[in-house]
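**Student:** This structure is in structure tokens; I'll ask about it shortly.
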Amino acid sequence: MNITDQRICLWLVPGFGAVLAFAFLLFPGFFPPLSPAMSADEVARFYRDNVGPLRASMIVFNFCEVMFIPFFMVIVVQMQRMKNPSRAFAYSYLSAAASGATMFALADIAWLVAAFRPERSPQLIMLLNDLAWMAFITPVGFIIAQNFCLALAVYMDAQPKPVFPRWVGHFNIATALLMAPAAFALVHLNGPLAWDGILSFWVRIGTYVLYVAVMFLVVRSAINRQALEQRVAA
Amino acid sequence: MSSALEAHPGAASASEAVPTVKNRKLDQWICWWSLPIFYNLFGLIFVYLGKLMPPPRPGLTTDEIVAFIQKNAASMQAAWVLLTLSLGFASLSSGLIIVQMKRMTTSPVLAYAYMAALAVAALPGCLLCTTMFSLAAFRPDRDREIIALLYDLGLLSFVGSLGCFVTQYMVFAIAIFLDKRGIFPKWLGYMSIWGAVTELVATPIWIFRSGPYAWNGLISFWLGTLIFVVWEFCLIVSLFRAIKQQPLDEPGNHA
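Respectively, the protein sequence lines represent chains V and H. Okay, so the first sequence: first residue is -19 according to this note's numbering, each after it adds one. Okay, so the second sequence: first residue is 8 according to this note's numbering, each after it adds one.
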């Protein structure tokens, strides 16, 4: 089997990861994150005053937001190499990854529509802003499902040299649990669970970044091992 | 991917022993016919009924937007009904492309990425647009500012959902270039790169309200749409040839 395509999809992660990190730093509402307790007029003023960097950041996100999907699909292909009873977890992982990306695309559209006409009624700007933050922070269920599927597949990988080491299963469960509290951002205006709170924002995003970085290294060594095995077999 | 074929050895031999349909490519031909049928319907929905292609101007005033929605409310609702009934059938073309991509010498990773990228595209890139317009047309007497917001949401999401399509074009091009069996011609790979470029020239629609880079502009809309239509036509022709040339006894037809 060809490994080149997996390598290409793998190396999209550092490439587009750097681009997305740049867009994240550029966004004027992340350092610190906008508070959900702001009034409609304050939110509208924020969009009027920061329209340039806000658009630049979110256009970059719009263009590159699906570029991690090929990497998640490498994980699907690696899951298919596992000695599981069936490939059910691999296909479930695929499906959940697509749904998660859809929610981020929705958040990005809401931010950009708010910035498109910042002179709109402040109530509507606030509605779009709420929609963007909710769609960005709260739909953690998809990545949690991805991680649980991957963890179960790792635990059930019945071969002497498993595709991923066992700790990758534990790591996936731990990161899923760390991102779970963000689901409560929909019901809190203040505190650690609000969308600008330590749990819903910093822990959730920090965990995601850590997750992608660690999985990049794990998948890279799995692909290298696969290449080695094929060379030995040939 | 060889392991995909090895994993289900029973599937291929069992269906060879008991062929269920006479035409061994019947499923692929059904999927293939969905393409010309769907894109004709798509034209009816977006051009004739929805009045969204070519798109109305971004520079309309709130009053003009409300008048536009009120004038076209009935046909927009018809567009919604037709699209919500038919958009799911766009999946048939993805299914066919996945089958052909899995015949390539590459691993299925690019086929899966193609499938996932288009699964993303269905909502923000297509259905959301008519959802917003049908919401506006459902109660045209709604607050005018809200109608204007639905109008922006509909058109911006329709023309401005870029990432899903860029990824789709990119993985398709990579797959064609890496494939040693030549399932699709290499020029289709180069055309797919042009497809990705059309998404790049659509990025300014999030900023400009008039001119060539607005959502109805010469470059962002017309050039992008022209290249998309040509690409889609070439894809349909290439798929036709790929199915025709596929040997009937090819293993992996069931992967």
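Ideal placement from N, C-alpha and C gives every residue a C-beta, glycine not left out.
At a Cβ threshold of 9 Å, is L207 of chain H touching chain V?
**Tutor:** Counting from 1 along the second sequence, the entry for residue 207 of chain H is found at position 200. Yes, because at least one Cβ of chain V sits closer than 9 Å to the Cβ of L207 of chain H.
**Student:** I200 of chain H and A180 of chain H: beta carbons closer than 9 Å?
**Tutor:** Here residue 200 of chain H is taken as the residue at index 193 of the second sequence, counted from 1. Here residue 180 of chain H is taken as the residue at index 173 of the second sequence, counted from 1. Their beta carbons are under 9 Å apart, which means I200 of chain H touches A180 of chain H by this criterion.
**Student:** Indicate the three-state DSSP secondary structure (helix, strand or coil) for F69 of chain V in the structure shown.
**Tutor:** Taking the first sequence and counting its residues from 1, one reaches residue 69 of chain V at position 89. Three-state result, F69 of chain V: helix.
**Student:** Tell me the DSSP secondary structure of E98 of chain V in three-state form.
**Tutor:** Here residue 98 of chain V refers to the residue found at position 118 of the first sequence. The identity of residue 98 of chain V in the sequence shown is Pro, whereas the question assumes Glu. P98 of chain V falls in the coil class under three-state DSSP.
**Student:** From the DSSP output, in three-state form, read off P13 of chain V for me.
**Tutor:** Counting from one through the first sequence, the residue named residue 13 of chain V turns up at place 33. In this structure, P13 of chain V counts as strand in the three-state DSSP scheme.
**Student:** Alpha carbon to alpha carbon, how far is K32 of chain H from W87 of chain H?
**Tutor:** Residue mapping note: residue 32 of chain H aligns to position 25 of the second sequence, counting from 1. Residue mapping note: residue 87 of chain H aligns to position 80 of the second sequence, counting from 1. Looking at the two C-alpha atoms, the distance is approximately 33 Å.
**Student:** Please look up how many angstroms separate the CB atoms of A123 of chain H and M53 of chain V, rounded, as I've assumed it's under 8 Å.
**Tutor:** The sequence position of residue 123 of chain H within the second sequence is 116, counting from 1. The sequence position of residue 53 of chain V within the first sequence is 73, counting from 1. Indeed, because the Cβ distance is near 6 Å, the residues count as touching under 8 Å.
**Student:** Let me know if N79 of chain H comes out buried or exposed under the rule of 16 or more other beta-carbons within 10 Å of its beta-carbon.
**Tutor:** Counting from 1 along the second sequence, the entry for residue 79 of chain H is found at position 72. Under this definition N79 of chain H is a buried residue.
**Student:** Report yes if the C-beta distance between S114 of chain H and V57 of chain V is below 9 Å; otherwise report no.
**Tutor:** For the purposes of this step, residue 114 of chain H is taken as the residue at position 107 of the second sequence. For the purposes of this step, residue 57 of chain V is taken as the residue at position 77 of the first sequence. Yes, these two residues count as a Cβ contact at 9 Å.
**Student:** Quick check: A126 of chain H and A78 of chain V, are their CB atoms within less than 9 Å of each other?
**Tutor:** Within the second sequence, the letter at position 119 stands for residue 126 of chain H. Within the first sequence, the letter at position 98 stands for residue 78 of chain V. Taking 9 Å as the Cβ cut-off, A126 of chain H and A78 of chain V qualify as a contacting pair.
**Student:** Quick check: what's the CA-CA separation for M111 of chain H versus L103 of chain H?
**Tutor:** Here residue 111 of chain H is taken as the residue at index 104 of the second sequence, counted from 1. Here residue 103 of chain H is taken as the residue at index 96 of the second sequence, counted from 1. Approximately 13 Å, taken between the alpha carbons.
**Student:** For T155 of chain V, which of V:Q60, V:A174, V:Y27, V:Y188 has the nearest alpha-carbon?
**Tutor:** By one-based count along the first sequence, residue 155 of chain V stands at place 175. That would be V:Y188, whose Cα lies nearest to the Cα of T155 of chain V.
**Student:** When the Cα atoms are used, what is the spatial distance from G80 of chain V to F122 of chain V?
**Tutor:** Reading the first sequence from its first residue, position 100 is the one you call residue 80 of chain V. Reading the first sequence from its first residue, position 142 is the one you call residue 122 of chain V. Taking the straight line from one Cα to the other gives about 5 Å.
**Student:** Identify which residue in V:A85, V:P50, V:S19 has its Cα closest to the Cα of L117 of chain H.
**Tutor:** If you number the second sequence from 1, residue 117 of chain H lands on position 110. Nearest option by C-alpha distance: V:P50.
**Student:** Helix, strand or coil for D110 of chain V, going by three-state DSSP, please let me know.
**Tutor:** Here residue 110 of chain V refers to the residue found at position 130 when the first sequence is read from its first residue. Helix at D110 of chain V.
**Student:** Could you check what DSSP says for W87 of chain H in three-state terms: helix, strand or coil?
**Tutor:** Here residue 87 of chain H refers to the residue found at position 80 of the second sequence. In the structure shown, W87 of chain H sits in a helix (DSSP, three-state: H, G or I).
**Student:** Check A207 of chain V in the structure and name its three-state DSSP category.
**Tutor:** Counting from one through the first sequence, the residue named residue 207 of chain V turns up at place 227. The answer is helix: DSSP assigns A207 of chain V an H, G or I state.
**Student:** Under 9 Å, do T205 of chain H and L242 of chain H count as touching if we go by C-beta distance?
**Tutor:** Within the second sequence, numbered from 1, the residue matching residue 205 of chain H stands at position 198. Within the second sequence, numbered from 1, the residue matching residue 242 of chain H stands at position 235. No.
**Student:** L169 of chain H touches chain V at which residues, Cβ-Cβ below 7 Å?
**Tutor:** As a first step, residue 169 of chain H must be located in the second sequence, where it is residue number 162. Simply N42, F43.
**Student:** Hey, I226 of chain H and I39 of chain V: beta-carbon distance below 9 Å or not?
**Tutor:** Reading the second sequence from its first residue, position 219 is the one you call residue 226 of chain H. Reading the first sequence from its first residue, position 59 is the one you call residue 39 of chain V. No, the Cβ-Cβ distance between I226 of chain H and I39 of chain V is not below 9 Å.
**Student:** Under the assumption that Y158 of chain H contacts I52 of chain H (Cβ atoms under 8 Å), give the Cβ distance between them as a whole number of angstroms.
**Tutor:** To locate residue 158 of chain H, count along the second sequence from 1; it is residue 151. To locate residue 52 of chain H, count along the second sequence from 1; it is residue 45. Not quite, the Cβ-Cβ distance comes to about 17 Å (not below 8 Å), so this is no contact.
**Student:** So what's S9 of chain H in DSSP terms, helix, strand or just coil?
**Tutor:** The count along the second sequence starts at 1 and reaches residue 9 of chain H at position 2. Residue placement at S9 of chain H is flagged as unreliable, the pLDDT there being 41, under the threshold of 50; a coordinate-derived value is accordingly withheld.
**Student:** Secondary structure at A214 of chain V, three-state DSSP: helix, strand or coil?
**Tutor:** Position 234 of the first sequence, counting from 1, holds the residue named residue 214 of chain V. Coil at A214 of chain V, not helix or strand.
**Student:** Would you kindly report the start and end of the unbroken alpha helix (DSSP H) that includes H150 of chain V?
**Tutor:** On the first sequence, residue 150 of chain V is found 170 positions in, with the first residue counted as 1. Where H150 of chain V is concerned, the enclosing alpha helix (DSSP H) stretches over 146 to 159.
**Student:** Secondary structure at Y220 of chain H, three-state DSSP: helix, strand or coil?
**Tutor:** The residue labelled residue 220 of chain H in the question sits at position 213 within the second sequence. Y220 of chain H falls in the coil class under three-state DSSP.
**Student:** Among V:F96, V:T118, V:V199, V:I55, which has the Cα closest to the Cα of A36 of chain V?
**Tutor:** In the first sequence, residue 36 of chain V corresponds to position 56, counting from 1. The shortest Cα separation from A36 of chain V among V:F96, V:T118, V:V199, V:I55 belongs to V:F96.
**Student:** Over the uninterrupted alpha helix (DSSP H) stretch that includes N254 of chain V, give me the two end residues.
**Tutor:** There is simply no residue 254 of chain V to check, as chain V begins at -19 and stops at 214 in what is shown.
**Student:** Are the C-beta atoms of A68 of chain V and some chain H residue less than 9 Å apart?
**Tutor:** In the first sequence, counting from the first residue as 1, residue 68 of chain V sits at position 88. No, A68 of chain V does not count as interfacial toward chain H.
**Student:** Kindly provide the ranges of any alpha helix (DSSP H) runs that are 4 or more residues long and lie completely inside the region 180 to 250 of chain H, ordered along the chain.
**Tutor:** As far as the region 180 to 250 of chain H is concerned, its whole alpha helix (DSSP H) runs of at least 4 residues are 193 to 208.
**Student:** If contact means a Cβ-Cβ distance below 8 Å, which residues of the region 146 to 157 of chain H contact chain C?
**Tutor:** Any reference to chain C falls outside this structure, whose protein chains are V and H.
**Student:** Our contact map puts C136 of chain H next to L48 of chain H with C-beta atoms below 8 Å; I'd like the distance itself, whole angstroms only.
**Tutor:** To locate residue 136 of chain H, count along the second sequence from 1; it is residue 129. To locate residue 48 of chain H, count along the second sequence from 1; it is residue 41. Between L48 of chain H and C136 of chain H the Cβ distance is about 15 Å, and since that is not below 8 Å, they are no contact.
**Student:** My understanding is that A85 of chain V touches G170 of chain H, with C-beta atoms under 8 Å, so please give their C-beta distance in whole angstroms.
**Tutor:** Translated into positions along the first sequence, residue 85 of chain V becomes position 105. Translated into positions along the second sequence, residue 170 of chain H becomes position 163. Their Cβ separation, rounded to whole angstroms, is 6 Å, which keeps A85 of chain V and G170 of chain H in contact under 8 Å.
**Student:** Would you say I178 of chain V reaches chain H, if we count a Cβ-Cβ gap shorter than 9 Å as a contact?
**Tutor:** Sequence index remark: in the first sequence, residue 178 of chain V carries index 198 (1-based). Judged by the 9 Å Cβ criterion, I178 of chain V is not in contact with chain H.
**Student:** Starting from V127 of chain H, find everything on chain V with Cβ-Cβ shorter than 8 Å and list it in chain order.
**Tutor:** In the second sequence, counting from the first residue as 1, residue 127 of chain H sits at position 120. The contacting residues are V46, I49, A78, A81, T82, A85.
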